Amino acid sequence: MKNLSISALALAVALLSAGHASAADVKKGKRVFGKCKACHVVNKEKNKIGPHLVGIIGRAAGSVDGYKYSKAMRTSGLVWNEETLALYLKAPKKFVKGTKMAFAGLRKEKDIANVIAYLKEATK
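Numbering (my numbering), first residue to last: 3 to 126.
This is the structure:
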C-alpha cells in the first residue's frame, strides 16, 4: 500500500510539473540552489555536509562513495529523476522518513521545477 501511495503521489507530481517543465528556468533554479550550496556541490565530486550532486539524475539514492547516509536513504530503493527529486525537495523528511537532510523543503512548485532544471544542467 505504501508503494502504491508513493507511486500515486509521484504520478500526481509528474502530471502537475509536466505543465511547468517547459517553463522551468535554469537561471532561476541556480538562484534557488543558493539555499542548497552550503551543504551540496554540483560541479565536483566533493562531499560537504551533504553528498555531492554530480551525476544525480539516474543515480541510486544513498550511493555516493565516502558519504555517510542515513539507513533510511541507503535502503530507500530510490533512483533520482525529476519525479523523485520533486517529491523529495518538496518535503524531504516526509518522503524519506529518517533522512539526515535538515532542510525543510521548497514550498513553491515553480522553485522545485527550476532547481531541477538547474540540477539537470549543472550536474551532467
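Ideal placement from N, C-alpha and C gives every residue a C-beta, glycine not left out.
All values reported here derive from a predicted model rather than from experimental measurement.
Buried versus exposed call for residue i [16 or more other C-beta atoms within 10 Å across all chains shown]
i, result
"V44", "buried"
"E47", "exposed"
Beta-carbon spacing of residue i, residue j below 7 Å
i, j, result
"H42", "G52", "yes"
"V56", "A74", "no"
"A40", "A115", "no"
"I59", "K112", "no"
"I118", "L89", "no"
"N83", "G68", "no"
Other residues of its chain near residue i: CB distance less than 6 Å, five sequence neighbours each side excluded
i, result
"Y120", "V28, G31, K32 and F35"
"V66", "P53"
"G21", "Caution applies to G21, whose pLDDT of 46 falls short of 50 and renders its modelled position unreliable; the value that the coordinates give is listed next. Contacts found: none."
"L80", "A63 and T86"
"S72", "G100, T101 and K102"
DSSP bridge partner residues for residue i (one or two, in chain order)
i, result
"V81", "A62"
Cut-off 8 Å between Cβ atoms - residues of its own chain near residue i, not counting five sequence neighbours on either side
i, result
"P94", "T101, M103, F105, A106 and G107"
"K78", "According to the sequence as given, residue 78 is Ser; it is not Lys. Excluding residues within five positions, the ones whose Cβ falls inside 8 Å are A63, G64 and V98."
Same chain only: Cβ atoms within 7 Å of residue i, ignoring 5 sequence neighbours per side
i, result
"R76", "G64"
"K92", "G107, L108 and I114"
"K110", "none"
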